[in-house]
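Take the sequence shown: its position 196, counted from the start at 1, is 195 in numbering that gives the first Met the number 0, and no numbers get skipped. Beta carbons: idealized from backbone N, C-alpha and C, even for Gly. Keep in mind it's a predicted model, so treat the numbers as computed, not measured. To start, the structure itself, in structure tokens.
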Amino acid sequence: MKVLYFDCFSGISGDMTLGALIDLGIDVELFKGELHKLNLTGYEITIQKKVKHGIAGTDIEINASKDHAHSSRNLRDIEMLIDSSGLNEQVKCFSRKVFREIAGAEAKVHNKSIDEVHFHEVGAVDSIVDIVGTSICLDLLGAQKVFSSPLHEGQGFIECLHGMLPVPVPAVMEMLAGGRIPIPVITENINTELVTPTGIGIIKCLASGFGSMPAMIIQKVGYGMGKRETGRLNAMRIVLGTLLENNGDNNGNMEEIVVLETNMDDLSPEITGYMMDRLLANGALDVFYTPVHMKKNRPAVMMTVLAGKDNEQKLADLILKESSTLGIRRSVVTRYCMNREIKNVNTGLGTVRVKVASKGDTKKIAPEYEDCKEIAIRAGLPLQEVYRMVMEKSREQLV
0 MKVLYFDCFS GISGDMTLGA LIDLGIDVEL FKGELHKLNL TGYEITIQKK VKHGIAGTDI
60 EINASKDHAH SSRNLRDIEM LIDSSGLNEQ VKCFSRKVFR EIAGAEAKVH NKSIDEVHFH
120 EVGAVDSIVD IVGTSICLDL LGAQKVFSSP LHEGQGFIEC LHGMLPVPVP AVMEMLAGGR
180 IPIPVITENI NTELVTPTGI GIIKCLASGF GSMPAMIIQK VGYGMGKRET GRLNAMRIVL
240 GTLLENNGDN NGNMEEIVVL ETNMDDLSPE ITGYMMDRLL ANGALDVFYT PVHMKKNRPA
300 VMMTVLAGKD NEQKLADLIL KESSTLGIRR SVVTRYCMNR EIKNVNTGLG TVRVKVASKG
360 DTKKIAPEYE DCKEIAIRAG LPLQEVYRMV MEKSREQLV
């Protein structure tokens, strides 16, 4: 699977995102040709390589004509511009999604309806080019998923059209506060804005998860240069690669998962059993308990939860809510997996789901327990006999 990893070690902005994507090797003339389909006038875009702090990257400079420099547009104006363009539907859809995300935050901050919000910074020509240009680049690269590091943000105050505002600015803070996926933020001792509304609008609508870079085979790395002087490299890095799925010459998969662990010495078996059911129902890959002895020689259990990276926060919150623990240990591990799929096997007593796993010439079959249990109870047969029957039928129908 082709993926992108956004390394936001110096925050994220629209121009840095666009620059880093182009720096991955997108043909500039092809990009400009696609951008021309937007039918936006009154600006000139300059794309060039620059070296800052010894690192080369792509710098994006958008110069608007004087009569367009601070033009004000509302969401409808921008959506009409996008909808009437010659861009493909995927580019249009993502561009609209980002603008609507930012408009929603601005509306809440200024206590207006989303239709009443008039963009100034975001409605300016450069922000439109940044967002639509980013959408074009994503479409050209064809990545199937995007992941991101935590967002590094500055502090202090910056001057905007609304006056002096605290960092993060209110619209950015609003977008950080809500969302399907929690966005982690790290505050740097830098007195300026590192995360812009355009930047967070893009990554919030794009990222499947936030954290360390997943196990992947790196193919290309792009840097997009920022404009502010921060005393260090002000840039954004985007990594293009494929998720590490195939191992050597076998058909197995290798993937990263998160291990959550905590020790508990004061919960009854009823509660631990209930917690296991709740965690599995909420998407845990596995849950198990290990007997341990804690301080003062107290017998206890260590709960281990295996989770996908996109689900770990939800499961961690559930552990903290349902148990007495005050903290959870977290580690990222790589596991080898066989390719797995669920097949239906017809037996004389009903249909049973069967898990079929394969790796090269190795194949394994495992009947679904709940289906076998139901047949055993209904037919009055020993469960072991039902298992044997299902395995025989599986070999006849699946192997």
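Query	Result
Nearest-angstrom beta carbon gap, Met263 and Thr324 [assumed within contact, 8 Å]	6 Å
C-alpha distance - Glu78 paired with Leu205, whole-angstrom precision	19 Å
Contact under 7 Å by Cβ, Lys313 with Gly208	no
Whole-number beta carbon distance between Phe93 and Leu137, since they are thought to touch under 8 Å	7 Å
Where the beta strand (DSSP E) containing Lys144 begins and where it ends	Lys144 to Ser147
Bridge partners - Pro290, DSSP secondary structure assignment	Val300
C-alpha gap between Gly272 and Ser393, whole angstroms	32 Å
Distance, Ile327 Cα to Thr261 Cα	5 Å
Minimum length 4: unbroken alpha helix (DSSP H) runs contained in the region 51 to 139	74 to 82 and 88 to 108
Gly247 classed as buried or exposed, judged by whether at least 16 other C-beta atoms fall within 10 angstroms	In this prediction, Gly247 scores a pLDDT of 40, lower than 50, which makes its location untrustworthy; the coordinate-derived value is nonetheless stated afterwards. Flag for Gly247 reads exposed.
For Asn262: DSSP bridge partner residues	Met301
Proximity to Leu139 [Cα-Cα], best of Leu239, Glu115 and Met224	Leu239
Under the three-state DSSP convention, the category Val184 falls into	strand
Cβ-based neighbour list, Ala306, same chain, cut-off 7 Å, excluding 5 preceding and 5 following	Ile256, Val257, Leu259, Ala283, Leu284 and Leu314
Thr191 beta carbon less than 7 Å from that of Gly13	no
The region 346 to 353 contacting the region 295 to 302, beta-carbon criterion three pairs below 8 Å	no
Start and end residues, alpha helix (DSSP H) containing Glu192	Counting along the chain, Glu192 falls outside any alpha helix (DSSP H), and DSSP gives it neither H nor E.
Residues near Lys49 in its chain [Cβ-Cβ closer than 8 Å; skip 5 each side]	Ala55, Gly56, Thr57, Asp58 and Met224
Through-space distance from Arg339 to Arg377, alpha-carbon basis	29 Å
Simplified DSSP state of Gly155, which is helix, strand or coil	coil
Beta bridge counterpart(s) of Asp26 as assigned by DSSP	In DSSP, Asp26 forms no bridge with anything.
Local conformation of Val168 per DSSP, three classes	coil
Boundaries (first-last residue) of the alpha helix (DSSP H) holding Arg339	Arg339 -> not in any alpha helix (DSSP H); beta strand (DSSP E) instead, spanning Asn338 to Thr346.
Beta-ladder partner(s) of Gln47, from DSSP	Asp58
Sheet register partners of Tyr4 (DSSP bridge)	Phe146 and Val238
Backbone CA spacing between Cys159 and Ile25 [nearest angstrom]	33 Å
C-alpha distance - Thr15 paired with Ala234, whole-angstrom precision	What sits at residue 15 in the sequence shown is Met, not Thr. C-alpha separation (whole angstroms): 7 Å.
Exposure of Met0, with buried meaning 16 or more beta-carbon neighbours within 10 Å	exposed
Lys36, enclosing alpha helix (DSSP H) - first and last residue	Element bounds for Lys36: n/a, residue is neither H nor E.
Coil, strand or helix - Pro381 by DSSP	coil
Per-residue DSSP class, three states only, for Asn250	Its pLDDT being 44, under 50, Asn250 is placed unreliably in this model, and the value from its coordinates should be taken loosely. DSSP places Asn250 in coil when its eight states are reduced to three.
Neighbourhood of Ser9 by C-beta distance below 7 Å, restricted to the same chain and skipping five residues each side	His151, Leu193, Gly225, Thr229, Leu232, Asn233, Ala234 and Met235
Close Cβ partners of Pro268 (< 6 Å) along its chain, the five nearest in sequence each way excluded	none
Exposed unless 16 or more other CB atoms sit within 10 angstroms - verdict on Met163	exposed
Exposed unless 16 or more other CB atoms sit within 10 angstroms - verdict on Arg387	exposed
Extent of the continuous alpha helix (DSSP H) to which Pro268 belongs	Pro268 to Ala280
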